[in-house]
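full-length UniProt numbering applies: residue 1 is where the sequence shown begins, and numbers increase by one.
Backbone N, C-alpha and C fix where the C-beta goes; we use that ideal spot for every residue, glycine too.
Owing to the predicted nature of the structure, the values given are computational and were not obtained by experimental measurement.
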Amino acid sequence: MDLGIARRIIHAFQTLGVVFGDVGTSPLYTFSVMFSKAPIKGDEDVIGALSLVLYTLLLVPLVKYVLIVLWANDDGEGGTFALYSLICRHANVSLLPNQLPSDTRISNFILKLPSPELERSLKIKERLEASLTLKKLLLMLVLAGTSMVIADGVVTPAMSVMSAVGGLKVGVAAIEQDEVVMISVTFLVILFSVQKFGTSQVGLAVGPALFIWFCSLAGIGIYNLIKYDASVLRAFNPVHIYLYFKRNSVNAWYALGGCLLCATGSEAMFADLCYFSVRSIQLTFVFLVLPCLLLGYLGQAAYLTGNLNGAEKHPFFLSIPSGIFWPVLLIANIAALIASRAMTTATFSCIKQSSNLGCFPRLKIIHTSKRLMGQIYIPVINWFLLVGCLVLVCSMSSINEIGNAYGIAELGVMMMTTILVTIVMLLIWRLNIIIVLSFVVFFLGLELTFFSSVLWSVTDGSWVILVFAVIMFVIMYIWNYGSKLKYETEVERKLPMDLMREIGCNLGTIRAPGIGLLYNELAKGVPAIFGHFITTLPAIHSMVVFVCIKYVPVPVVPQNERFFFRRVCPKSYHLFRCIARYGYKDVRKENHQAFEQLLIESLEKLIRREAQQRQLESDGDEDADSEEDTSFSRVLIDPNGSVYSLGVPLLAEFRGSSNSISEASISEELNPNSPASPSISDAEHSLERELSFIRQAKESGVVYLLGHGDIRARKDSWFIKKLVINYFYAFLRKNCRRGIANLSVPHSHLIQVGMTYMV
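In structure tokens, the structure reads:
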């Protein structure tokens, strides 16, 4: 539906407030950091530094991100893990072995598969799937990029706020650096305290403020160009970059770390893509953000050419006309607070994606918008980032040191994005190899050059941000490693079907009326924790449903394809499996009563569909009676009651020689209410008996059986493995959010049983 003019204006303001705050405040500190590393010796140095900044702005934020990387989104979702999810959907490179063939039949899973003619894409896909080393390397690249995003979320607020508040030293000579630090700390506390109000409310409130900021940049830039020296426009000639390096040699190389700061916020544009469309971000950047930034830098350079003595410490604030200094200082501080939110919101999105894909401990996530479910707030991460910012500001009082740390975090993310987008180009977009090589060689080479500059100054104190990123990387890697080991162990320990047949339909215990929903991470087979339940509890419910909450590598799973049902054992066992599939962007906020009602309705549809299929098979083949016991149920039921099937034989009775369950795909929608043949009265009676059994079980009550499976390293394991599994992973698992927390289930309906696996 076409949006009205007012809605478009509101959307544009929200885009400004959420996405472009970071890159919009870069004129506050870029030149000051550059000239602290390479002091100005003359006007030509100003022109050379300006030329470096202009072409960095044009190449990195514009060409790389706005024109290329934004298109490598996963159905509107951006960021490092969105790229990883996109790659996982086209090649089986995930290390967690819970993939099912039915996952690929989700409509959002539609792939543009490599055709046989494109041998390169096929070879890359096969190589990625066959090599465990490449899978691990790809995951480590993704985790490294994500850890840098989180580190960026710490250093961005510190840098933006400190540089804006530092303008007070220009307006009030008595202000010292200690006062600047204290004011910055106060602003940061206020900033993170209002983060919980969400992106829509805050974005709409600060959008006009950031619009005024960009207009101020452009206006001040034009004023300085006219008043001082319009000849700085010759900086668009790239030959001045060569001359700048020729004159300053090593110092010019040091200055590259400061030059990169003009492109900070580029990754935020991509990571915050989930909040806005690609086109809205592109248009806003090209027609508003970029021109204002260019004019802002040109104006500062024009001022510097006429005021070389001492102006390089605070070139932006000194270039402001005296009559509007205080209003601009106020709007600069507001813009800095807005900029601090850009990477914070990007960090929230990135952590949610990584958590849903099994690479970060589960945390409480608050959705700040009822209309746009992608807008989130994570309290633990919010306060964690605040503490990190305060430590950084108090330990590094110099903007130059913080700027170097800023460059390390930003470049780490940029390089990981370049590598992942290159894989997307080869595997999914299938571009000409010359284009792909040109992209990766040019941009990765450029970023490595910048990275070498900031690493050379790492001893200044910016090593703190590297330590922080390494800590986050270790946390994510340990969580992924432990989760993978736990899942593989559960697969190995699952109960064999021969054992289920031996113990009989009563499961070796008393079957009490009621329904038991056993939550477990196992996507197929009977989990070992179920055996623990039937040996620990005095009775088990007359009907048991194994519920598996499973995240698939798509942003959103359509509601009518959410649940995948099948029967686990013979009919008399009354054991079913329900796989609830979610994308990493999906929201889990089900009410337990609504979930129970949906489950019962879906089971009834499943039973009716089985009876209908038996009737069709019986009518179509006289010999079907001797074969119908050899297959299992394959059916998908949507919440509205529609039943989907492949049109292949479904479940009848189970026999000992039955094969393992194979997954179903969906090709047609069948009417579950089609009348049965009057000649098969036994089938009708059997159907009614089972439906009546399900209703009676529902009336007796639904109980949630939670199986908490923990892992411990064997005594003969290596010391490192014991340390990682028994202490680090155990600590993370103990303090993470339980999956059942998303369902508002009364404690009286919960039964929890723990089980420890030795690995």
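Task: Test item: CB-CB of A209 and M472 under 8 angstroms - done: no
Task: Endpoints, the alpha helix (DSSP H) within which Q282 is located - done: V278 to T284
- [ ] Output yes or no for whether 8 angstroms exceeds the beta carbon distance between F728 and I478.
- [x] yes
Task: Helix, strand or coil at S314 [DSSP, three-state] - done: For the record, residue 314 in the displayed sequence is His; it is not Ser. Of the three classes helix, strand and coil, the one that applies to H314 here is coil, per DSSP.
Task: Ranges of the beta strand (DSSP E) found wholly within the region 462–526, counting only runs of at least 3 - done: 510–519
Task: Residues of its chain near V380, where Cβ-Cβ distance is below 6 angstroms and the 5 sequence neighbours each way are ignored - done: L363
TODO: Quick one: grab the DSSP three-state call for Y757.
DONE: strand
- [ ] Please say whether G403 and G258 have beta carbons closer to each other than 8 angstroms?
- [x] yes
Open item on the list: Taking only three categories from DSSP, how would you classify F546?
Closed with: strand
Task: Buried versus exposed, by CB contacts within 10 Å (16 or more), R614 - done: buried
Task: Buried or exposed (CB count within 10 angstroms, at least 16 for buried), N640 - done: Its pLDDT being 37, under 50, N640 is placed unreliably in this model, and the coordinates cannot settle the point.
- [ ] Look at the Cβ atom of G514, then the Cβ atom of S700, and state whether they are nearer than 8 angstroms.
- [x] yes
- [ ] Specify the secondary structure class of P672 as computed by DSSP and reduced to three states.
- [x] With a pLDDT of 41 at P672, under the threshold of 50, the modelled position of that residue is not reliable, and no figure is offered here.
Task: Nearest to S51 (by Cα), restricted to the options K722, L294, I433 and V753 - done: L294
Open item on the list: Helix, strand or coil, according to DSSP, for E77 in the structure here?
Closed with: strand
Open item on the list: Measuring only the C-alpha atoms, how far is L122 from A346?
Closed with: 33 angstroms
Open item on the list: Can you give me the C-alpha to C-alpha distance between I212 and G79, rounded to a whole angstrom?
Closed with: 28 angstroms
Task: L575 - DSSP class collapsed to helix/strand/coil - done: strand
Open item on the list: I believe F187 touches L337 by the beta-carbon criterion, under 8 angstroms. Please report the beta-carbon distance rounded to the nearest angstrom.
Closed with: 6 angstroms
Open item on the list: Does the region 143–159 come into contact with the region 386–399, if we say contact requires no fewer than three beta-carbon pairs (one atom in each stretch) closer than 8 angstroms?
Closed with: yes
- [ ] Give the DSSP-derived three-state secondary structure of A580 in the structure shown.
- [x] strand
TODO: Take the Cβ of E126 as the centre, count every other Cβ of all protein chains shown within 10 Å, and call the residue buried at 16 or more, exposed below.
DONE: exposed
- [ ] If I'm right that T422 touches F439 with Cβ under 8 angstroms, what's the distance once you round it to whole angstroms?
- [x] 7 angstroms
- [ ] Label P675 either buried or exposed according to how many other C-beta atoms from any shown protein chain fall within 10 Å of its C-beta, with 16 as the threshold for buried.
- [x] In this predicted model, P675 has a pLDDT of only 46, less than 50, meaning its place in the structure is not dependable enough to derive any value.
Open item on the list: Check for me: the alpha helix (DSSP H) holding F245 runs from which residue to which?
Closed with: V239 to N248
Open item on the list: Suppose you measure from the CA of A452 to the CA of E44; what does that come to, to the nearest Å?
Closed with: For the sequence presented, residue 452 should be read as Ser rather than Ala. Each residue's Cα considered, the two are about 25 angstroms apart.
Task: Best match in S686, L599 and V189 for proximity to Q612 [C-alpha to C-alpha] - done: S686
Open item on the list: Going by DSSP, what residue range makes up the alpha helix (DSSP H) through F564?
Closed with: Where F564 is concerned, there is no enclosing alpha helix (DSSP H), although the beta strand (DSSP E) it sits in stretches over F563 to R567.
Open item on the list: In the DSSP assignment, the alpha helix (DSSP H) including H747 goes from what residue to what residue?
Closed with: Segment: none, H747 is in no alpha helix (DSSP H) and carries neither H nor E.
Task: Start-to-end residues for the beta strand (DSSP E) that takes in I710 - done: It is worth fixing the name first, because residue 710 is Asp in this sequence and not Ile. V702 to R712 is the span of the beta strand (DSSP E), which, as asked, contains D710.
Task: Spatial distance of F529 from S277 (CA atoms) - done: According to the sequence as given, residue 529 is Ile; it is not Phe. Spanning the two alpha carbons is a distance of roughly 44 angstroms.
TODO: Verify whether the separation of the beta carbon atoms of I720 and G482 is less than 8 angstroms.
DONE: no
- [ ] Specify, as a first and last residue, the run of the alpha helix (DSSP H) that A730 falls within.
- [x] A730 to N735
Open item on the list: So F214 and G24 are supposed to be a Cβ contact under 8 angstroms. How far apart are they, rounded?
Closed with: 6 angstroms
Task: alpha helix (DSSP H) segments (min. 4 residues) lying fully within the region 150–234 - done: 168–171, 177–193 and 199–227
Open item on the list: Below 8 angstroms, how does it come out for the region 444–460 and the region 126–143: are there three or more Cβ pairs, yes or no?
Closed with: no
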